[in-house]
Each structure stands twice: as structure tokens, then as C-alpha cells.
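Structure record follows, encoded as C-alpha cells.
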Ligand SMILES: Cc1cc2nc3c(=O)[nH]c(=O)nc-3n(C[C@H](O)[C@H](O)[C@H](O)COP(=O)(O)O)c2cc1C
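In the working numbering, the protein residues as written are 7 to 192.
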């Protein structure tokens, strides 16, 4: 449908049974009809090397192109050692470079996190929000989607069971779409 907001989603875990990848898959079912959500897999993104930032590997070029053409981003991440996993930080670092060609410039973004612990990845989200300042991104503030005790909220096929979490995801995606529309006409 024309006029739809295009959202690119990516997850900071490569694990087959990842709760965060499962959360992103759940979002595919909950996105409003005024938007389309596509997923970009971060596997095969090599480690950042500053010598290559002006002629990056193909996968990084594709990642940057997909970010630039999206109207909005949805980042779903675990928390590792109270911060952002290296997989996600590495991908963000590539896409932000070289200086003057930051693919994230001016992008609206929404965040979700899932953790097996009781804080649901909150600390990783706040570290990411700090990076959004330098990247000049526009994060949605509410609702904050922290999926705690994730092992109890998905079935063994990775399907989200928790209705309250589904409601929060719907609200977050609605807010992201409104935010993206507002920024598009600004
Ligand atoms: C290296 C590592 C560090 C972790 N650190 C944290 C942490 O700081 N806070 C937390 O809530 N969970 C932590 N965990 C547990 C993760 O929440 C859990 O492994 C989760 O399933 C990872 O997300 P995923 O299922 O999407 O891969 C850590 C796990 C790993 C492997």
C-alpha cells in the first residue's frame, strides 16, 4: 500500500533460539496496517575495521542502504554485561561510518529488549539511547518494552505468549509510525 511507513528491524543476537529475534518476529504480526516491517539479519557482518570504512564489505553496504531507505528503525536487543552486545554495537559502528555518511542520521527508532533476568535489558537500552545522541536519531520514549524473565514468555517454538507484552509492542509500533510520519513532514 503506498504511503505506508517502512520499518527496518534488526536484533542484537545471532542465536537460533534467541528471545530477542523471537520478539522481533512477534512484532511482524503486530505492526499496524499503515506500516510494513522487514527484518535485516546481522549475521555475516564482519568486525569493524577503520581501514575499510570508505569501502566496506558488501553486507555492510547493504545494511547501510536498507537503513537509509527505511522511514524508521526497530532495534531489539539482549543486554550483555549490563550493556549492548558486541554484535549490535559492531553493526551500528559500521553503519555510522565514515564520518559524514552516518546511515542513522535523523532516523526515528524504537527499542525493545528481552532478557532472562528481571530487568528485561533496561540497562542495554539506556546505553543505546546514549549512542542515539551522537548518531542524531529520534527515539520513541514510550512505552518502554523490557521483556523480563523471557524464558517464561515464549513457547518452545519461540512464539510470544504474553498478552501484556503483545499490547506493549502494538503501542510501541503505533507510536513509532506516528513519530515517523511527523518527522517525514517536518
Ligand atoms: C555474555 C552474556 C552476558 C549477559 N549479561 C546479561 C546482563 O547483563 N543482563 C541480563 O539481564 N542478562 C544477561 N545475559 C543473559 C541474557 O539475558 C540471556 O542469555 C538472553 O537469552 C540473551 O538474549 P537472546 O535470547 O536474544 O540471545 C547475558 C548473557 C550472555 C551470553
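In this text, a Cβ means the ideal position worked out from N, Cα and C, and glycines have one as well. None of these values were measured; they are calculated from a predicted model.
On the DSSP letters alone, give me the boundaries of the alpha helix (DSSP H) that residue 172 sits inside. Stepping through the chain shown from its first residue, residue 172 is reached at position 166. Residue 172 -> alpha helix (DSSP H) spans 169 to 191.
Which of the three DSSP states, helix, strand or coil, is assigned to residue 75? By 1-based counting over the chain shown, the position of residue 75 is 69. DSSP, read as helix, strand or coil, puts residue 75 in helix.
Sequence-distant residues of its chain with Cβ nearer than 6 Å to residue 163 (five each side left out): The residue given as residue 163 occupies position 157 in the chain shown. If we look at residue 163 and ignore the five residues flanking it on each side, it has no Cβ neighbours.
Given that a residue counts as buried once 16 or more other Cβ atoms are within 10 Å of its Cβ, and exposed if not, what is residue 171? Position 165 of the chain shown, counted from the start, is the residue given in the question as residue 171. Buried is the call here.
Same chain only: Cβ atoms within 7 Å of residue 43, ignoring 5 sequence neighbours per side: What you label residue 43 is simply residue 37 of the chain shown in a count that begins at 1. Here the set comprises 13, 15, 33, 34, 37 and 80.
Does DSSP put residue 105 in a helix, in a strand, or in coil? As a first step, residue 105 is located in the chain shown; it is residue number 99 there, counting from the start. The three-state secondary structure of residue 105, taken from DSSP, is coil.
Excluding the 5 residues flanking residue 7 on each side, which residues of the same chain have their C-beta closer than 6 Å to its C-beta? Taking the first residue of the chain shown as 1, we reach residue 7 at position 1. Only weak support exists for where residue 7 lies, its pLDDT of 48 falling under 50; the value from the coordinates is given anyway. Annotation for residue 7: no residue places its beta carbon closer than 6 Å to its own, counting only its chain and skipping 5 residues before and after.
Determine which residues share a DSSP beta bridge with residue 42 and list them. For this step, residue 42 is matched to residue 36 along the chain shown. Bridge pairing for residue 42: 12 [DSSP].
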